[in-house]
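Sequence lines, in order, name chains A and B. Going by my numbering, the first sequence opens with residue 1, and the numbers climb by one from there. Going by my numbering, the second sequence opens with residue 1001, and the numbers climb by one from there. All residues carry an ideal CB built from backbone N, CA and C; glycine is no exception. Fair warning: this is a prediction, and the values are worked out from it, not measured in the lab.
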Amino acid sequence: EDQVTQSPEALRLQEGESSSLNCSYTVSGLRGLFWYRQDPGKGPEFLFTLYSAGEEKEKERLKATLTKKESFLHITAPKPEDSATYLCAVQPSSSGGYQKVTFGTGTKLQVIP
Amino acid sequence: KAGVTQTPRYLIKTRGQQVTLSCSPISGHRSVSWYQQTPGQGLQFLFEYFSETQRNKGNFPGRFSGRQFSNSRSEMNVSTLELGDSALYLCASSFLQGASVNEQFFGPGTRLTVL
């Protein structure tokens, strides 16, 4: 069974204090790993898709990296508006074209001014 | 391009009632997935529809059902509501082509409260 574990569950940072969120996964072959941002009471907002180990993607203060067992979401010099829950999800290669995506429970990030 | 829309945004029902939620995907997207999100369980997959056919189903009781119409709009129905069905119900659409990776784009959700 596919598993996604995110850590820490919650993270509190001072504005400008860089850090990383972790997503560990167990899947029988990876077709894609996704990162989403979710604000309270809203639907998740798509951030990145990573396909293979060694790949990196950046968007503003966020950079996502991927290894064979985990992914990191690095947040550089965060601002209060980066406060949200960040979700990681995996799609196994066995799923074909189907959306058999498994989500982690997320890391709740709070950035304090 | 308009995003995924869900209606209604909020619902309050009592135990034993049934409810129907609606989702309109992004134009051109043919796959619609439904998720239940609760604080304790996170995002739990309900089912996925593609071209009016259910292709995947999560581990939910038969009280949860859905359908997709020819214009890709989808509905999900929950019958005989229980207190534990209180949750944020999310719809996600994606453009599926072949066996490639497809990112899902989520709607704002329907907040269902069962009293």
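Give me the chain A residues within the contact set of residue i, using Cβ-Cβ distance strictly less than 8 Å, ordered along the chain.
{"i": "P1008/B", "result": "Under the 8 Å cutoff, chain A gives no residues; its nearest Cβ is about 14 Å from P1008/B."}
So residue i and residue j are supposed to be a Cβ contact under 8 Å. How far apart are they, rounded?
{"i": "S1024/B", "j": "R1073/B", "result": "5 Å"}
{"i": "A53/A", "j": "K42/A", "result": "Contact doesn't hold; Cβ gap of about 31 Å is too wide."}
{"i": "P78/A", "j": "L13/A", "result": "6 Å"}
{"i": "F1069/B", "j": "V1004/B", "result": "Wrong, their Cβ atoms sit about 15 Å apart, outside the cutoff."}
What does residue i touch in chain A if you count any residue whose Cβ is under 7 Å from its own?
{"i": "V1101/B", "result": "R31, G32, T49, Y51, Q91"}
{"i": "F1106/B", "result": "G43, P44"}
Who are the near neighbours of residue i in its chain, counting only those whose CB is closer than 6 Å to its CB and skipping five residues on each side?
{"i": "A89/A", "result": "F34, V101, F103"}
{"i": "H74/A", "result": "S20, K63"}
{"i": "Q1054/B", "result": "F1047"}
Skipping 5 residues on each side, what residues in its chain have a beta carbon closer than 8 Å to that of residue i?
{"i": "S1079/B", "result": "Q1018, R1063, S1065"}
{"i": "L11/A", "result": "S19, L21, T107, K108, L109, Q110"}
{"i": "E55/A", "result": "T65, L66"}
{"i": "L1011/B", "result": "V1019, L1021, T1110, R1111, L1112, T1113"}
{"i": "E70/A", "result": "N22, C23, S24, Y25"}
{"i": "K1013/B", "result": "V1019, L1081, L1112, T1113, V1114, L1115"}
{"i": "N1102/B", "result": "S1031, S1094, F1095, L1096"}
Starting from residue i, find everything on chain A with Cβ-Cβ shorter than 9 Å and list it in chain order.
{"i": "G1109/B", "result": "G41, K42, G43"}
{"i": "L1021/B", "result": "Per Cβ cutoff of 9 Å: no residues; L1021/B is ~13 Å from chain A at best."}
So residue i contacts chain B; which residues on that side make the cut at Cβ distance below 8 Å?
{"i": "T76/A", "result": "What T76/A touches in chain B: nothing, since even the nearest Cβ is about 23 Å away."}
{"i": "G106/A", "result": "G1042"}
Chain B partners of residue i, CB-CB under 7 Å?
{"i": "T26/A", "result": "Near T26/A there are no residues of chain B at all, since even the closest Cβ is about 16 Å away, more than 7 Å."}
{"i": "G54/A", "result": "Per Cβ cutoff of 7 Å: no residues; G54/A is ~16 Å from chain B at best."}
{"i": "F103/A", "result": "G1042, L1043"}
With a threshold of 7 Å on Cβ separation, who are the neighbours of residue i within its own chain once the five nearest residues in sequence on each side are excluded?
{"i": "D39/A", "result": "A84"}
Restricting to runs no shorter than 4 residues, where is the alpha helix (DSSP H) found entirely within the region 62 to 91 of chain A? none
Short-range partners of chain A found in the region 1078 to 1093 of chain B, where Cβ spacing is below 9 Å
L1088, L1090, C1091, A1092
| request: Check distances from the C-beta atoms of the region 1042 to 1071 of chain B to those of chain A and list, in chain order, the residues that come in under 9 Å. | output: From the region 1042 to 1071 of chain B, only G1042, L1043, Q1044, F1045, E1048, F1050, R1055, N1056 have a Cβ closer than 9 Å to chain A.
**Item:** Entirely enclosed beta strand (DSSP E) segments - the region 1055 to 1101 of chain B, minimum 3 residues
**Value:** Correct list: 1064 to 1068, 1074 to 1078, 1087 to 1094.
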